[in-house]
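**Student:** Chain order of the listed sequences is G and U.
Residue 25 in this note's numbering is what sits at position 25 of the first sequence, and the numbering runs on without skipping anything.
Start counting at 1 in the second sequence, then tack on 1000, and there's your number in this note's numbering.
Ideal Cβ positions, reconstructed from N, Cα and C, are used throughout, including at glycine.
Sharing a structure below in structure tokens format, with a few things to ask.
There are 2 protein chains.
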Amino acid sequence: MTTELPDVCEPRLNLRAPDVTDAVATAALLVDPIRASILRMLADGPVCVCEMAAALGARENNISNHLAKLRDAGLVHATRHETNARFLYYQRDEAVVAAARAALVDVLR
Amino acid sequence: MTTELPDVCEPRLNLRAPDVTDAVATAALLVDPIRASILRMLADGPVCVCEMAAALGARENNISNHLAKLRDAGLVHATRHETNARFLYYQRDEAVVAAARAALVDVLR
DNA sequence: GCGATGCCTCAGCCCTCCGTGAGATGTTCA
DNA sequence: TGAACATCTCACGGAGGGCTGAGGCATCGC
């Protein structure tokens, strides 16, 4: 990459717009503090909805709304607890998370 | 990190909320396609406002509004062209960009 | 079975943010 | 000097997204 300013006085009108759709979609998920906190918490292992609600000081249906968006994006999925199936434990899909991370890093690299 | 579900039937109410303020602030800048495209374009070297407007198909005052937010965040700064001072060339502050990237990666890692 | 618990979905209100237009500043050129 | 250009700032109107409450489904303990 060139850190120099271009010599020409004429603006370059042939510059192409980069493709940032994946990075923007990921940023749209991270822009909410609750969703960002959820993704960070799940980096340390599975967490159930009521645990997230308690840790983040939010109501459970609010957490559930945000989890729906993360689920639709494929970043997380839920499994029921073996001995107490009332609890839904969420965990990340690390392959999708890695792709999302790569898209963000590509913009800021 | 543990990928296993916890054995206890009692939810863990002692989980702490992570600090995601820096990542959220960065995501708030990347969530707009124009700002994300600007940051990606500037990775290849300085670009002036009219060049961004032409490449992205947006009006110059719109680009300028977005550049103001990136400037306030310290991610970019402007220098006038030496031989034609009408043109403002923007470039990234790579130290700030690296910090923003690190904050995002920390949430998704 | 019945109540309590954990979680989900949906509609509604509210707030924030983006694009636009107008006006202002600074620079170049004739 | 005046016109054209490049850019900035601000106020306004509209669209999108978050929080809430109500209602519903599934599971566990008594």
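Exposed or buried, what is GLU51/G when buried is set at 16 or more other beta-carbons lying within 10 Å of its beta-carbon?
**Tutor:** Stepping through the first sequence from its first residue, residue 51/G is reached at position 51. GLU51/G should be labelled buried.
**Student:** Listed in chain order, which residues of the region 83–96 of chain G have Cβ atoms closer than 8 Å to some Cβ of chain U?
**Tutor:** THR83, ASN84, PHE87, TYR89 and GLN91
**Student:** Helix, strand or coil, according to DSSP, for THR79/G in the structure here?
**Tutor:** Position 79 of the first sequence holds residue 79/G. Here THR79/G sits in strand by DSSP.
**Student:** Counting C-beta neighbours from all protein chains within 10 Å, is the total for LEU1013/U 16 or more, i.e. buried, or is it exposed?
**Tutor:** Residue numbering aside, residue 1013/U sits at position 13 when the second sequence is read from its first letter. Label assigned to LEU1013/U: exposed.
**Student:** Within 9 Å of any Cβ in chain U, is that where the Cβ of LEU67/G sits?
**Tutor:** Residue mapping note: residue 67/G aligns to position 67 of the first sequence, counting from 1. By this cut-off, LEU67/G is not an interface position.
**Student:** Got a sec? Which residues, its chain only, sit under 7 Å from ALA53/G by beta carbon, not counting five neighbours each side?
**Tutor:** Here residue 53/G is taken as the residue at index 53 of the first sequence, counted from 1. Excluding positions up to five away in sequence, the list reads ARG59, GLU60 and ILE63.
**Student:** Could you check what DSSP says for ASP7/G in three-state terms: helix, strand or coil?
**Tutor:** Locating residue 7/G in the first sequence gives position 7, where the first residue counts as 1. Because ASP7/G sits at a pLDDT of 47, beneath the cut-off of 50, its placement in the model cannot be relied upon, and the following sentence gives the value as read from the coordinates. It is coil, neither helix nor strand.
**Student:** For ALA103/G, collect the residues of the same chain with a Cβ closer than 6 Å to its Cβ; drop the 5 residues on either side in sequence, then sort them by chain order.
**Tutor:** The count along the first sequence starts at 1 and reaches residue 103/G at position 103. Closer than 6 Å at Cβ, skipping near neighbours: ASP22, ALA23 and THR26.
**Student:** Quick one: is VAL107/G near chain U, going by C-beta distance under 9 Å?
**Tutor:** Position 107 of the first sequence, counted from the start, is the residue given in the question as residue 107/G. Judged by the 9 Å Cβ criterion, VAL107/G is in contact with chain U.
**Student:** Taking DSSP as the reference, what is the three-state secondary structure of LEU1039/U?
**Tutor:** What you label residue 1039/U is simply residue 39 of the second sequence in a count that begins at 1. Reduced to three states, the DSSP call for LEU1039/U is helix.
**Student:** Return the first residue and the last residue of the beta strand (DSSP E) that ALA1012/U is part of.
**Tutor:** Against the second sequence, residue 1012/U aligns to sequence position 12. Going by the sequence as given, residue 1012/U is Arg instead of Ala. Premise fails: ARG1012/U is in no beta strand (DSSP E) and is neither H nor E.
**Student:** Any idea what DSSP makes of ARG1059/U, helix, strand or coil?
**Tutor:** Start at 1 with the first residue of the second sequence, and residue 1059/U comes out as number 59. ARG1059/U falls in the coil class under three-state DSSP.
**Student:** By the criterion of Cβ-Cβ separation under 8 Å, what are the contact partners of LEU1039/U in chain G?
**Tutor:** Along the second sequence, one-based indexing puts residue 1039/U at 39. What LEU1039/U touches in chain G: VAL107 and LEU108.
**Student:** Answer with buried or exposed for HIS66/G, where buried requires no fewer than 16 other C-beta atoms within 10 angstroms of its C-beta.
**Tutor:** Residue numbering aside, residue 66/G sits at position 66 when the first sequence is read from its first letter. It counts as buried.
**Student:** Anything in chain U within Cβ reach of ALA27/G, meaning under 9 Å, just list it in chain order.
**Tutor:** Position 27 of the first sequence, counting from 1, holds the residue named residue 27/G. Ordered by position in chain U, the residues that pass the 9 Å Cβ test against ALA27/G are THR1026, ALA1027, ALA1028, LEU1029, LEU1030, VAL1031, ASP1032, ALA1036 and LEU1104.
**Student:** When DSSP labels each residue in this structure, what does ALA1095/U get in the three-state scheme?
**Tutor:** Looking up residue 1095/U in the second sequence gives position 95. Correct three-state label for ALA1095/U: helix.
**Student:** Is it a yes or a no for the region 30–41 of chain G touching the region 1069–1084 of chain U, going by three-plus beta-carbon pairs under 8 Å?
**Tutor:** no
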